[in-house]
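Chemist: Provided herewith is a single structure, encoded as structure tokens, for subsequent inquiry.
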Amino acid sequence: MDDLVKSSEKWEPFERPLFDNPKTRDLSRVGVVDIGSNSVRLVVFDGAARSPAYFFNEKVMCALGAGLAETGKLNPDGRLRALSALRRFCTIAKGIGLPTLTAVATAAVREASDGAEFIAQVQSETGLKIHVIDGPEEARLAAQGVLLGWPGSYGLVCDIGGGSMELAEIANGQVGQSVTSPLGPLKLINVQGGKKGRKAVIAETLDHLRAQMGPQSDRLFLVGGSWRAFARIDMHRRGYPLHVMHEYQMTPRDVKATVRYIDTCDLETLRQTISISQSRLALVPIAAEILKGLLKRFKPHDIAVSSYGIREGLLYEQMPQAMRNRDPLIESCHFAERKDARLPGFGMRLHKFISPLFSKLPDRRARLVRAACLLHDVSWRAHPDFRAEVCFEYATRANLGGLSHEERIFLGLALLHRYRNSREGTRFEELLTLLDQAGQKQAEILGKAMRLGAMLWADPDDETAQLDWSAKTKTLSLRLTAEASPLFGEVAEARLRSLASSLNAKLRTDMRLT
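If you read the sequence shown in the working numbering, its first letter stands for residue 23, the second for the next number, and so on.
Below is the structure:
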């Protein structure tokens, strides 16, 4: 399959990637339209189906649900904006050759008295068929989106839109019970009784949800634009250095502090500082009230933001179980290697070479070692002076699923050391505070081991080099075949010595080229 991998070779501890399998190739590009109460969005997924890239991602703030509680109808201006956006999206889909678009509508369209009329108008003018989903189905799809990015996750998924809020349990890769509620910020803006009346509605509804869902003390996953806006404010308040929303984590104490911060801030100044749209920021104080109430009733041990939701849940719905079971990080790294590396398949050979240094790692860290080997060469086109920075940026900013922020820094630092010995003087030093000293040292060793191993193969079909490492005696040695001895020149020797220095190891001075 890959240039350097024969069909007879085993893929352990890797699995043969599924993105080029005929049964899954139809998922290589999938278009989804999400018609919400506040926004209308088109996402086109592309690439490794288990962990897809966002080939196209565009959102239009339409506020279809604005005023719905008072009039019972869709916002007229919002209808015009949504129809214009959907015309554009259908034209784009046709232009890039998408065979179909999957379109879903949520709370505003399903509750409005003119919702069916709007659906008919859209189909008449664009040919797009819209599927209206009910609240529990919306909750289930949002939870599946979380599972796309966090396989095997457990906890409570909370998806907030403009006109509703859904809850769903996830455990062991499955979605459990799910419920819906009218706690959408757009719906609560003009509730009778002002702020006091809104608090009463929120409290009563959350009490009812708590009775329905029962005790929930695991992780709370937040899905939806209002939650992401809240998290951006939390990042700003904390001075958090990595501005990546997916898998951003907060404690209940963080949330309460940010709720107080929002209450005391001038919202317009805050909006300009962190670049949140005016229409979105107007809903954040209401979302903050809801979140505070959720914490009080469900008492999660921590809170994590998911950038994946209904749209990703629709993609997950189309996946065969064999694909769902895969690690999204490893699948996406296989895809990146196949697409961008000079020698696709070499990452597996490199992993075998360095594995003696990492034989007793826990699974979570071992998968990062595999990912780093697959990605070690995907930035080769960058200018040599900037490859280390490009690698770090790729790992920390790219759309890679199944990575905590700490793991992003570990992977980025390992790839940085693939191209340079020292991390001092880079513009990433502030980000390294998210990774403890032991993790930084391990990432350095991984990077330097890859830096050495990348030099030591001439014939891809032969095992020309082998590292030996004794943790007990702190001894590192390298063995090469006689045919490969010319590869061990001054640069390779310097890299071996740099690796030994990072390991605080002795080099075997009687190393033989056999």
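Heads up, the beta-carbon is just placed ideally off N, CA and C, and yes, glycines get one too.
What is the residue span of the beta strand (DSSP E) that LYS470 lies within?
Modeler: Where LYS470 is concerned, there is no enclosing beta strand (DSSP E), although the alpha helix (DSSP H) it sits in stretches over 459-475.
Chemist: What are the complete beta strand (DSSP E) segments, minimum 3 residues, inside the stretch 315-402?
Modeler: Segments of the beta strand (DSSP E) lying fully in the stretch 315-402: 324-328.
Chemist: Mapping DSSP to helix, strand and coil, what is GLN214?
Modeler: coil
Chemist: Locate the beta strand (DSSP E) running through ALA75, then write down its first and last residues.
Modeler: Here the beta strand (DSSP E) through ALA75 covers 75-83.
Chemist: For VAL266, which of SER329, LYS217, ARG501, LEU474 has the nearest alpha-carbon?
Modeler: SER329
Chemist: What is the DSSP secondary structure of HIS153, reduced to helix, strand or coil?
Modeler: strand
Chemist: With 16 other CB atoms within 10 Å as the buried threshold, where does ILE298 fall?
Modeler: buried
Chemist: Once DSSP output is grouped into helix, strand and coil, what is the label at SER186?
Modeler: Residue state, collapsed to three classes: coil.
Chemist: Just the C-alpha distance for LEU365 and LEU372, rounded to the nearest angstrom, thanks.
Modeler: Straight through space, the alpha carbons of LEU372 and LEU365 are spaced by roughly 11 Å.
Chemist: What span of residues does the beta strand (DSSP E) with VAL201 cover, start to end?
Modeler: 196-203
Chemist: Run the CB neighbour count on GLU226, radius 10 Å, all protein chains shown included, and call it buried at 16 or more, exposed below.
Modeler: exposed
Chemist: When the distance is taken between beta carbons, is LEU178 closer than 7 Å to LEU242?
Modeler: yes
Chemist: My output table needs one value for CYS112: the three-state DSSP class, helix, strand or coil.
Modeler: DSSP places CYS112 in the helix class (H, G or I) of the three-state scheme.
Chemist: Could you give the distance in angstroms between the alpha-carbon of GLU133 and the alpha-carbon of THR202?
Modeler: 13 Å
Chemist: Do you know whose CA, among LEU468, GLY137, GLN459, LEU478, lies nearest LYS95's CA?
Modeler: When each option's Cα is compared against that of LYS95, the closest is GLY137.
Chemist: Which one or two residues does DSSP pair with ALA487 in a beta bridge?
Modeler: LEU502
Chemist: Return the CA-CA distance between ALA516 and ASN443, expressed in angstroms with no decimal places.
Modeler: 11 Å
Chemist: Would you tell me roughly how many angstroms separate the C-alpha atoms of MET341 and HIS356, rounded to the nearest one?
Modeler: 18 Å
Chemist: Expressed to the nearest angstrom, what Euclidean distance is found between the alpha-carbon atoms of ASP288 and THR295?
Modeler: If you draw a straight line from the Cα of ASP288 to the Cα of THR295, it comes to about 11 Å.
Chemist: Measure the CB-CB distance between TYR270 and ALA251 and report whether it falls below 7 Å.
Modeler: no
Chemist: Is the beta carbon of VAL55 closer than 7 Å to that of LEU64?
Modeler: yes
Chemist: Name the two residues that bound the continuous beta strand (DSSP E) containing PHE414.
Modeler: Unbroken run through PHE414 is the alpha helix (DSSP H), 409-419; no beta strand (DSSP E).
Chemist: Whole-angstrom Cβ separation of LEU498 and LEU521, contact assumed at under 8 Å?
Modeler: At roughly 7 Å, the Cβ-Cβ gap stays under 8 Å, so LEU498 and LEU521 are in contact.
Chemist: May I ask you to list the residues that DSSP assigns as paired with LEU244?
Modeler: CYS180, VAL327
Chemist: Tell me where the beta strand (DSSP E) around ASP56 begins and ends.
Modeler: Boundaries of the beta strand (DSSP E) around ASP56: 51-57.
Chemist: Take the Cβ of ASN60 as the centre, count every other Cβ of all protein chains shown within 10 Å, and call the residue buried at 16 or more, exposed below.
Modeler: ASN60 comes out buried.
Chemist: DSSP state of MET267, grouped into three classes?
Modeler: coil
Chemist: Below 8 Å, can you find three or more Cβ-Cβ pairs linking the stretch 174-188 to the stretch 138-156?
Modeler: no
Chemist: Could you pull the start and end residues of the alpha helix (DSSP H) that LEU437 belongs to?
Modeler: 427-441
Chemist: Compare the C-alpha of ARG232 against each of MET272, LEU205, ILE211, PHE320 and name the closest.
Modeler: PHE320
Chemist: With distance defined between alpha-carbon atoms, name the residue in ALA471, ASN526, SER248, ASP324 nearest to ALA304.
Modeler: SER248
Chemist: Taking 7 Å as the threshold (C-beta atoms), are ARG409 and THR418 in contact?
Modeler: no
Chemist: Look at CYS180 and LEU189 and say whether their C-beta atoms are less than 7 Å apart.
Modeler: yes
Chemist: In chain order, what residues of the same chain lie with their CB nearer than 8 Å to the CB of LEU457, ignoring the 5 residues before and after it?
Modeler: GLU428, ILE431, PHE432, LEU435, ALA465
Chemist: For ARG63, write down the residues that DSSP places opposite it in a beta bridge.
Modeler: ASP56, LYS81
Chemist: Counting C-beta neighbours from all protein chains within 10 Å, is the total for ARG220 16 or more, i.e. buried, or is it exposed?
Modeler: Answer is buried; the Cβ neighbour count reaches 16.
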